[in-house]
Structure formats: structure tokens, C-alpha cells
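Following: one structure in C-alpha cells, then a few remarks.
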Amino acid sequence: MAMYTCNMTTKLTRAPIFLNFVRHYTKRRVKWKDAQGNLEGMKFGAIKYFPRHPDYVDPPIKPSKVLLVTRVKPFAGNPWWEKEMLEQLGFINKKHANAPVIVKNTPEICAMLWKVKHLIKIVPIKLPDKLPTMDDLNGTYLHENGTFYVIPKVDSAREEAVEKFVNDPKKLNRDLIQDKLRFKWLQGRPM
């Protein structure tokens, strides 16, 4: 530890200013060393990394098979190779064409996405655990947060109940009541 004193004066009054500051010299402490002094980090494939806490465990990750890619910056003002990369990914060079594109999660596609990462937004698509067959399927919906919803077919008993309700002559709906009351009013009968 070294202590320094600095004498300075102000420009206007030429009054002396005394500044004391302390500089601490410490050795850099490396946390991830074994008994022999060798660095030991956590291995992830060919990569060795050092987490913040020694007992830190990464959560299990199941990568998505497909990605939802949305363009957030325009084509204009970017170099030709980035425009070409966006066109290869499936984006159209139009002013208001912000339609999202669905791409496979492969190393080749990820390398292309990495080159234009500042122009796009990438969201992994979460598929349901059990994908439906064509017999069970009524429709699908892909939310902007990447959740893929499956709309199942309606039961036949429920369809019949809805159809019976719609075609029921005793049902009171607004249009029917309005027509009947108007007809009575025009005939001059009391309601």
C-alpha cells in the first residue's frame, strides 16, 4: 500500500488544495485453482469456463428445433452482404415487409443469424409435448413469444348442442325480438 499526497491550487483564488489518496496493491486472486495451483474450471465440450460461484450448476437446456426470426431493422443503410444474408434467410427487401420467418436450428443457419444478429430478433419456438395428428387438428397458432398452440377439434356432441341452440325457434335473440316488436307496432297492436 502506498500513500500519496498531491498539492494543487485553484485557478481563481490560487488557494492550495491538499488531496490524499491511497492506492492498494494486491495480488490478483484466482478462485478456480486446485491444490497444485492449476486452473480448473467447468468443462462444456471444448470450452472451459469459470462460473461466479463454485457450486453453480447450469440448468438443463433442451434446444428448440426451430426458431422464429423477426427483422427489427430495415434493409437500407446496411452493406450488401448483410442484405444478401437477410434474403437468404427469407426476408423480403420491401419497406413494410416485417413478416417473421421460421428457420431450422442448425449450425449453418445459426452462423448466418450470427452475422446479422443486430438486424433481427430470434425467439426459440416452444412446441407442445405431444404433437397432434391430422385427425385431432383443428388449427394452430404461433404466439410472438414463440409458444406454439394447437387448437383441438370440437367434440361431435358439443357441435350438435351448439347447432341445436342456434336453430332453436324458442331462442330469444335480439334480432328476432326486435322484428316481432316492430311488426306488432306497425299493426297497431299493444305490446
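Heads up: take any position in the sequence shown, counting from 1, add 490, and you land on the working numbering.
Positions of the beta carbon are idealized from the N, C-alpha and C atoms, including for glycine.
Given N583, which residues of its chain have a CB within under 6 Å of its CB, disregarding the five upstream and five downstream residues? As a first step, residue 583 must be located in the sequence shown, where it is residue number 93. F565, listed in sequence order.
Which residues does DSSP list as the beta-bridge partners of R561? Stepping through the sequence shown from its first residue, residue 561 is reached at position 71. In DSSP, R561 forms a bridge with I610.
Excluding the five sequence neighbours on either side, which residues of its own chain have a C-beta within less than 6 Å of the C-beta of F638, listed in chain order? As a first step, residue 638 is located in the sequence shown; it is residue number 148 there, counting from the start. Here the set comprises I615, L617 and L632.
Which residue wins for smallest C-alpha separation from N595, given the options L579, A587 and F534? The sequence position of residue 595 within the sequence shown is 105, counting from 1. Checked all of L579, A587 and F534; the closest Cα to N595 is L579.
Between E577 and the rest of its own chain, which residues show a CB-CB distance below 7 Å, the 5 nearest in sequence each way excluded? Indexing the sequence shown from 1 puts residue 577 at position 87. Result list for E577: N583, in chain order.
F673 classed as buried or exposed, judged by whether at least 16 other C-beta atoms fall within 10 angstroms: Working through the sequence shown from its first residue, we reach residue 673 at position 183. With fewer than 16 Cβ atoms within 10 Å of its Cβ, F673 is classed as exposed.
For I592, which three-state DSSP category applies? Sequence index remark: in the sequence shown, residue 592 carries index 102 (1-based). If DSSP states are grouped into helix, strand and coil, I592 belongs with the strands.
Please state the DSSP three-state secondary structure of K533. Numbered from its first residue, the sequence shown carries residue 533 at position 43. Strand at K533.
Can you tell me which of V562, F534 and L558 puts its alpha carbon nearest to the alpha carbon of P550? Counting from one through the sequence shown, the residue named residue 550 turns up at place 60. Closest option to P550, Cα to Cα, is F534.
From P642 to K654, what distance separates their C-alpha atoms? For the purposes of this step, residue 642 is identified with residue 152 of the sequence shown, where counting begins at 1. For the purposes of this step, residue 654 is identified with residue 164 of the sequence shown, where counting begins at 1. Each residue's alpha carbon lies about 21 Å from the other.
Just to confirm before moving on: does the CB-CB distance between V593 and V556 stay below 9 Å? The residue given as residue 593 occupies position 103 in the sequence shown. The residue given as residue 556 occupies position 66 in the sequence shown. Yes; because the gap between Cβ atoms is below 9 Å, this pair is in contact.
For R664, I'd like the list of residues in its chain whose CB is within less than 7 Å of its CB, leaving aside the five on either flank, ordered along the chain. Within the sequence shown, numbered from 1, the residue matching residue 664 stands at position 174. Same-chain partners within the cutoff: there are none.
Taking only the alpha-carbon atoms, compute the straight-line gap between L603 and Y546 and give it to the nearest angstrom. Counted from its first residue, the sequence shown places residue 603 at position 113. Counted from its first residue, the sequence shown places residue 546 at position 56. Going by the C-alpha atoms only, they are around 30 Å apart.
Beta carbon of K611, beta carbon of V559: below 9 Å? Locating residue 611 in the sequence shown gives position 121, where the first residue counts as 1. Locating residue 559 in the sequence shown gives position 69, where the first residue counts as 1. Yes, these two residues count as a Cβ contact at 9 Å.
Return helix, strand or coil for Y673, following the three-state DSSP convention. Working through the sequence shown from its first residue, we reach residue 673 at position 183. Checking the displayed sequence, the identity of residue 673 turns out to be Phe instead of Tyr. Of the three classes helix, strand and coil, the one that applies to F673 here is helix, per DSSP.
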